[in-house]
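Note sheet for the following structure.
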Amino acid sequence: MQKVYLDNAATTQVREEVIAKMQEALALYYGNPSSTHSYGRSAKTAVEKARKTIAKTLNAQPSEIIFTSGGTEADNMILRCAVRDLGVKTIITSKIEHHAVLHTAEELEKEYGISLLFVDLDSNGNPVLSHLKELLTKDDSKKLVSLMHVNNEIGNITDIDAIGEICKENDAFFHSDTVQSVGHYPWDVEKTPIDFFTAAAHKFHGPKGIGFAFIRKNSGLKPMIFGGSQERGFRAGTEPFHNIVGLEEAFVSSYENLEEETKFVKGLKQYFVEQIKKEIPAVDFNGFSGDMDKSTYTLANVRLPFDKQKGLMLLFHLDMKGIACSKGSACQSGSNMGSHVLTEILDDTELEKPSLRFSFSKYNTKEELDYTVGILKEFAES
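With this note's numbering applied, the sequence shown closes on residue 382, and no number is skipped along the way.
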């Protein structure tokens, strides 16, 4: 049976050079980075090298990069500390954010009594910027806006430069979950007016369990995890050195090969969109995911012309044929609820039809896409 992995928005295959780097770190540099002897100093030097490398690529300061266990921790840390330390009384977000943001904001509303406001979305799922301006001028409370750069389910690209300017004009903090963006798009934090954003290595061919937060210098945030003085006192706990060097290697490889790999993966998506339209003409694309300019080149979210009963068997059928894809975010796969993103942008009739997210990487081929579209066509005709 052919095996095809098209769930790269959930996680990606780790690059060979990343595995080699991590193996070397585990075997040779096993000292605690906080220890003062040579073993510890060697590990600490590598941790700081990784921080400087990432900062340089982002045009940030090394002190603005804080290593975390991933995007979820980083999102939680930033939102919680903003409310606790910065006097934020209002969080403005959207109903199609990742649950790492939505659930955190909901808990903060319960715990601290903050106001939680949702910006309107257009029919394709993009935030309505005129409404964002209205919310920012609603009262004089200190506000934080949290809107993601690339939506993890429908792939919409949000204009974070425009949002950042709006926030700056209204003296509001701006945070963005950029987990689907970092490693796939160039960044310059001196040009983008943003206070905080987050990244996860496993979204760009690195290891799971490691990511980072960008926290603009002099932000005023204080630690959420207390203990030792690691991460400049901002996040206590022994650094997972092998994961950090793996993150660095994946990050460097992604940006050194960004132009070439973007062109290749974009070609795969374009081919997939063309082929599925050709073989299943009644297919629809959710959000802007079928638009090569308005959505990320890494995924397509398709709505297939099957009834609800037939649709229930679709994901299982694809899995039996060796094809891995998803209904939406892997983080909610244990839930019986449907996609909160699609629920916001589709009507009841559209929601009755099965939607699937196919996401692509440098390791995929056109032959795999032909096989996948062929299986979908067979299923449609059965």
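Idealized CB from N, CA, C, for every residue including glycine.
Everything numeric in this text was worked out from a predicted model, so none of it was measured.
{"Asked": "Since S34 contacts G228 with CB under 8 Å, what's their CB separation in whole angstroms?", "Found": "6 Å"}
{"Asked": "For the putative contact between V18 and H205, defined by C-beta atoms under 8 Å, what is the C-beta separation to the nearest angstrom?", "Found": "7 Å"}
{"Asked": "Given A236, which residues of its chain have a CB within under 8 Å of its CB, disregarding the five upstream and five downstream residues?", "Found": "P223, I225, F226, G227, G228, S229, Q230"}
{"Asked": "Quick one: Cα of G287 to Cα of G246, how far?", "Found": "34 Å"}
{"Asked": "Comparing C-alpha positions only, which one of I323, L116, E24 sits nearest to K95?", "Found": "L116"}
{"Asked": "Please confirm whether F306 and F379 have their CB atoms less than 9 Å apart.", "Found": "yes"}
{"Asked": "Along the chain, where does the alpha helix (DSSP H) containing F241 start, and where does it finish?", "Found": "241–256"}
{"Asked": "Which same chain residues end up closer than 6 Å to Q180 when comparing Cβ atoms and leaving out the 5 residues on each side of it in sequence?", "Found": "V150, N152"}
{"Asked": "Please classify L342 as buried or exposed, where buried requires at least 16 other C-beta atoms within 10 Å of its C-beta.", "Found": "buried"}
{"Asked": "Please confirm if the region 52–70 is in contact with the region 251–259, defined as three or more CB-CB distances below 8 Å between the two stretches.", "Found": "yes"}
{"Asked": "Quick one: Cα of Y363 to Cα of K377, how far?", "Found": "24 Å"}
{"Asked": "Should N156 go down as buried or exposed, given a rule of 16 or more other Cβ atoms within 10 Å for buried?", "Found": "buried"}
{"Asked": "Using 10 angstroms around the beta-carbon of E134, count the other beta-carbons present and answer buried if the total reaches 16, otherwise exposed.", "Found": "exposed"}
{"Asked": "Out of D284, A162, P62, I114, which has the shortest C-alpha to C-alpha gap to P127?", "Found": "A162"}
{"Asked": "Per the DSSP calculation, P127 is bridged to which residue(s)?", "Found": "L121"}
{"Asked": "Looking at C-alpha atoms only, which residue of I154, P186, I194 is the closest neighbour of Y168?", "Found": "Per the sequence shown, the amino acid found at residue 168 is Lys instead of Tyr. Nearest C-alpha to K168: I194."}
{"Asked": "State the DSSP-derived secondary structure class of D177, mapped to helix, strand or coil.", "Found": "strand"}
{"Asked": "Are the CB atoms of I276 and I323 nearer to each other than 9 Å?", "Found": "no"}
{"Asked": "Using CA coordinates, which residue listed in L268, P186, N301, L304 is at the minimum distance from L384?", "Found": "Outside the modelled stretch of the chain, which goes from 1 to 382, sits residue 384, for which no answer is possible."}
{"Asked": "Which same chain residues, not among the five before or five after V284, have their C-beta less than 6 Å away from its C-beta?", "Found": "Note that residue 284 corresponds to Asp in the displayed sequence, not to Val. Only R303 meet the Cβ criterion."}
{"Asked": "May I ask which residues mark the beginning and end of the alpha helix (DSSP H) holding A213?", "Found": "Segment 211–215 is the beta strand (DSSP E) holding A213; no alpha helix (DSSP H) there."}
{"Asked": "In whole angstroms, what is the alpha-carbon distance linking G338 and S326?", "Found": "12 Å"}
{"Asked": "What residue does the alpha helix (DSSP H) around V47 start on, and which one ends it?", "Found": "38–58"}
{"Asked": "Could you tell me which residues DSSP puts in a beta bridge with V302?", "Found": "F285, L356"}
{"Asked": "Based on the DSSP secondary-structure assignment, which residues constitute the bridge partners of L144?", "Found": "I91, F173"}
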